[in-house]
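Counting in the working numbering, the sequence shown runs from 1 upward without gaps.
For every residue, glycine included, the Cβ atom is placed at its ideal position computed from N, Cα and C.
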Amino acid sequence: MSHYEYFLIFLALVFCGYASYTDLKTQKIRNFCSLGLLYVGTLSQLMAWYLGTTTPLYILGLFFGGGLIAFAFYWFGIFSPGDSKLFWGLCLIFPLSLFRNLSGALSFPPVILALNIIVPYSIGILGYLLFKFALMPNKLNLFRYFSKSYFQKGTLLEKLFSLLMFIGIGSGLTYLFQQFEWEPDRLLHLLLVLLAFTLIQKLLSPLPKTPAYYIIVGFTSVWLALQATPSVSVFLSGFAFFLGLYLVVFVIAKQLILSLASITLDNAVDVSGLEIGMIPAEQIVRVEQPDGTVRYEKQQVDFSSGQKDNIVISPDPVGLTAEEISQLQNLAAEGAFAEFGNQINVQPSIRFAPVIFVGALLTVLCQGPFYLKLMQLL
1 MSHYEYFLIF
11 LALVFCGYAS
21 YTDLKTQKIR
31 NFCSLGLLYV
41 GTLSQLMAWY
51 LGTTTPLYIL
61 GLFFGGGLIA
71 FAFYWFGIFS
81 PGDSKLFWGL
91 CLIFPLSLFR
101 NLSGALSFPP
111 VILALNIIVP
121 YSIGILGYLL
131 FKFALMPNKL
141 NLFRYFSKSY
151 FQKGTLLEKL
161 FSLLMFIGIG
171 SGLTYLFQQF
181 EWEPDRLLHL
191 LLVLLAFTLI
201 QKLLSPLPKT
211 PAYYIIVGFT
221 SVWLALQATP
231 SVSVFLSGFA
241 FFLGLYLVVF
251 VIAKQLILSL
261 ASITLDNAVD
271 VSGLEIGMIP
281 AEQIVRVEQP
291 DGTVRYEKQQ
301 VDFSSGQKDN
311 IVISPDPVGL
321 TAEEISQLQN
331 LAAEGAFAEF
341 GNQINVQPSI
351 RFAPVIFVGA
361 LLTVLCQGPF
371 YLKLMQLL
């Protein structure tokens, strides 16, 4: 790489390092860092075009692809707006020569950076949760909490419907790959199925869960599953495969980890003691009763979603605002949260700028996904 490209990497780490410092100190990322990265990254791509090392089509793909992944992190409630802009800027500023030994999707900077952020972070969080679980005096509380939150009639029926939709989406993607004569490797196939299922769930989450909704989505899922299977034996083998994948990923791993995180990390805070920036660990919804009265319920949610009128608060990386705290305190004064003891579970605020900085550092040191370098060393 040239001195100019090393200078770009140095700028990327300086901007990201300073953003980590301000995030840890003030819980905010200055626009100077995130917008500065976007500005310098865009200029670097235009300079690369001028030098003949890239093309306008690739620049557009990088710009919109990085922006789409950054928005997805925000949309799914993982990143705050500042984190998303910081990620987007890093996607643009890294020189392509840094990934010259890679090919295919793994040579695309946004994918590399996303993997180097999410995978180490997930491993670190899982390790911490297992460490906390090992120190728990009564480990049966985890399974009691899991059973209480999962094996309820409404929740169980919803999960069974999600299973049907997951099988339909997985079968539909398999059928689509066959039509285009594309055979991705098993790991990529699984990742695409999980991504498509999560995305469709998020897109459908605002829709009212009426009988028509369940009939249409359920019929579509069954139709897709049948279209992708030329015989009964193939259908049964595909059903068993996606059933096992769903149970492992969305029941055993996801639900148990969420239950463990709730027990070990969440704190019950009195509504009167809520502060700006606190992140709720649960969703509070307003439910109208048949007699016209209104009651409030707590729900565990997969996504941060506050677009429905009956949702009072929902987990959001931005945290509670002064208006939301005032609304909650007014409802508590009216006795709306009496059955909760006027308490709300709050999760710890995660500073993602340092996590992004670690991902950027791994990207530079490994010149690609860190696990590829780790596999070479092993």
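Give the single residue among the options whose Cα lies nearest to the Cα of residue i.
i, options, result
"residue 84", "93, 67, 298", "67"
"residue 92", "121, 126, 46, 78", "46"
"residue 44", "96, 75, 13, 80", "96"
"residue 354", "13, 4, 315, 42", "13"
"residue 339", "374, 23, 271, 101", "271"
"residue 10", "190, 365, 135", "365"
"residue 329", "273, 162, 294", "273"
"residue 268", "344, 218, 223", "344"
"residue 77", "199, 372, 367", "199"
"residue 286", "310, 275, 60, 298", "310"
"residue 111", "164, 48, 89, 69", "69"
"residue 60", "33, 73, 41, 179", "41"
"residue 331", "296, 127, 131", "296"
"residue 89", "319, 39, 159", "39"
"residue 37", "376, 82, 367, 315", "82"
"residue 197", "172, 356, 209", "172"
"residue 25", "372, 352, 131, 373", "352"
Once the 5 residues before and after residue i are set aside, which same chain residues still bring their CB inside 6 Å of it?
i, result
"residue 107", "99"
"residue 194", "none"
"residue 48", "54"
With a threshold of 7 Å on Cβ separation, who are the neighbours of residue i within its own chain once the five nearest residues in sequence on each side are excluded?
i, result
"residue 115", "369"
"residue 53", "96"
"residue 324", "313"
"residue 207", "213"
"residue 8", "44, 93, 95"
"residue 357", "16, 17, 20"
Buried or exposed: which applies to residue i, given that a residue is buried once 16 or more other Cβ atoms fall within 10 Å of its Cβ?
i, result
"residue 123", "exposed"
"residue 79", "buried"
"residue 103", "exposed"
"residue 211", "exposed"
"residue 51", "exposed"
"residue 342", "buried"
"residue 2", "exposed"
"residue 117", "buried"
"residue 321", "exposed"
"residue 379", "Outside the displayed span of the chain (1 to 378) sits residue 379, for which this structure offers no information."
"residue 4", "exposed"
"residue 376", "exposed"
"residue 6", "exposed"
"residue 336", "buried"
Once the 5 residues before and after residue i are set aside, which same chain residues still bring their CB inside 8 Å of it?
i, result
"residue 327", "312"
"residue 223", "168"
"residue 319", "276, 277, 278, 279, 349"
"residue 28", "22, 82"
"residue 451", "An answer regarding residue 451 cannot be provided, because it is not within the stretch 1 to 378 covered by the chain."
Compute the minimum distance between the beta carbon of residue i and the heavy atoms of the ligand FMN, and state whether it is under 6 Å.
i, result
"residue 13", "Although the ligand FMN was asked about, the structure shown includes no ligands whatsoever."
Every unbroken alpha helix (DSSP H) inside the region 30 to 104 [4 residues or more]:
31 to 51, 56 to 75, 81 to 93
For the region 286 to 296 against the region 343 to 363, do three or more pairs of beta-carbon atoms, one drawn from each stretch, fall closer than 8 Å, so that the two count as touching?
no
Could you tell me whether the region 264 to 284 touches the region 337 to 351, using the rule of 3 or more Cβ pairs below 8 Å?
yes
Segments of 4+ residues assigned as alpha helix (DSSP H) that fall wholly inside the region 298 to 369
322 to 333, 352 to 366
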